[in-house]
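Numbering (my numbering), first residue to last: 8 to 346.
In what follows, a structure is listed as structure tokens, so that the remarks can point back to it.
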């Protein structure tokens, strides 16, 4: 009887199958294998999370190019929703980016804002600002003459502050970065300066940017970044001042023989003292500026009449005269300032 029960048990229950073959065990996991080199490459190129990069590769047959396109399409699709959710958040940080063409006859400056200083110093945000300033430069270069604002008939200035135009220039880049970094990001404004066609090639547009807590650098040598930025239109003729031809060393707080050094010093001064115009608009304004200097009140709004930040014994105008130089115009932007 016990023998019969044993047979019955064996038939009813049967032996438990065991997978002893390594291939059988491996086949239990059916997801395609993601090669680490491709995963690392995609992660480095896009900046998206490893999980998203892995998913992109799995869904695109390990093709890195197709995976990148899929990632960016997904980011754009989901980014619009994310951008809409965070748009009410305060953007108190950000960067100013300035691009200058190699011959220094055209320069463009943009302001891009974010929520935190941590993101403002993030490599992806820095890349975004660098891309936006070049796109702004290309966009404004193609504007018709009727849309230009001229200064002195020599230097042209074009401001772009209209939200729809800014979206046209770089909204897809901003939305993608919001999805990537998780903060509200705003492309606030931009300005292009250029020398009018056929004008003197002795004029140069010199950029300067100042970062508050340590230098911020772009991978593009023609772009400078900071919390504050300025572009100064300068012309210099050393031969106009006999002192400039002397060989002996001269006090650099009173004179500058090098136009790059000149631009740097003027840029620092403009960022520090925030002039509004180059020269007084009228005799009455000039009298008021002189009174302010005598009484020790606020610095005058005219750049030329301000005490030079590197040497308060002279004015900016005297520094320029000593250096055989003149300022035709300038633009100054502080990230986060009221417009």
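Quick reminder that beta carbons are idealized off the backbone N, C-alpha and C, glycines included.
Bear in mind that the values here come from a model prediction, so they are computed numbers and not experimental data.
Alpha carbon of residue i to alpha carbon of residue j, nearest angstrom
i           : j           : result
residue 325 : residue 312 : 9 angstroms
residue 124 : residue 89  : 20 angstroms
residue 177 : residue 135 : 9 angstroms
residue 240 : residue 92  : 42 angstroms
residue 267 : residue 308 : 24 angstroms
residue 282 : residue 235 : 14 angstroms
residue 284 : residue 336 : 8 angstroms
residue 46  : residue 345 : 44 angstroms
residue 183 : residue 83  : 6 angstroms
residue 150 : residue 286 : 29 angstroms
residue 318 : residue 107 : 28 angstroms
residue 238 : residue 181 : 25 angstroms
residue 339 : residue 199 : 12 angstroms
Cβ shell of residue i (< 6 angstroms), same chain only, five flanking positions each side left out
i           : result
residue 127 : 100, 101, 102 and 121
residue 231 : 105, 214 and 216
residue 310 : 282, 285 and 323
residue 2   : This structure leaves residue 2 out entirely; the chain is present only between 8 and 346.
Close-in-space but distant-in-sequence residues of the same chain around residue i (CB under 7 angstroms, 5 per side omitted)
i           : result
residue 34  : A caution first: residue 34 carries a pLDDT of 44, below 50, which makes its placement in the model too unreliable to give a value.
residue 211 : 111, 241 and 266
Residue i - partner residues in DSSP beta bridges
i           : result
residue 384 : What the structure shows of the chain is the stretch from 8 to 346, and residue 384 is not part of that stretch, so it cannot be assessed.
residue 121 : 100
residue 146 : None; residue 146 has no bridge partner.
residue 380 : An answer regarding residue 380 cannot be provided, because it is not within the stretch 8 to 346 covered by the chain.
residue 333 : 242
residue 341 : 235
residue 107 : 114
Cβ pair residue i, residue j closer than 7 angstroms
i           : j           : result
residue 147 : residue 165 : yes
residue 105 : residue 216 : yes
residue 226 : residue 98  : no
residue 187 : residue 279 : no
residue 143 : residue 168 : no
8 angstroms Cβ shell around residue i - same chain, five flanking residues per side excluded
i           : result
residue 315 : 260, 276, 321, 322, 323, 325 and 326
residue 269 : 213, 241, 243, 263, 330 and 332
Proximity test, Cβ basis, 7 angstroms: residue i and chain D
i           : result
residue 162 : Looking for chain D here will not work: only one protein chain is present.
Next item on the list: Can you check the region 45 to 79 for any alpha helix (DSSP H) of at least 4 residues that lies completely inside it and give the ranges in chain order?
Entry: Within the region 45 to 79, the complete alpha helix (DSSP H) runs of at least 4 residues are 57 to 66.
Checklist line | Complete runs of the alpha helix (DSSP H) confined to the region 166 to 223 [at least 4 residues] | finding: Within the region 166 to 223, the complete alpha helix (DSSP H) segments at least 4 residues long are 170 to 188, listed from N- to C-terminus.
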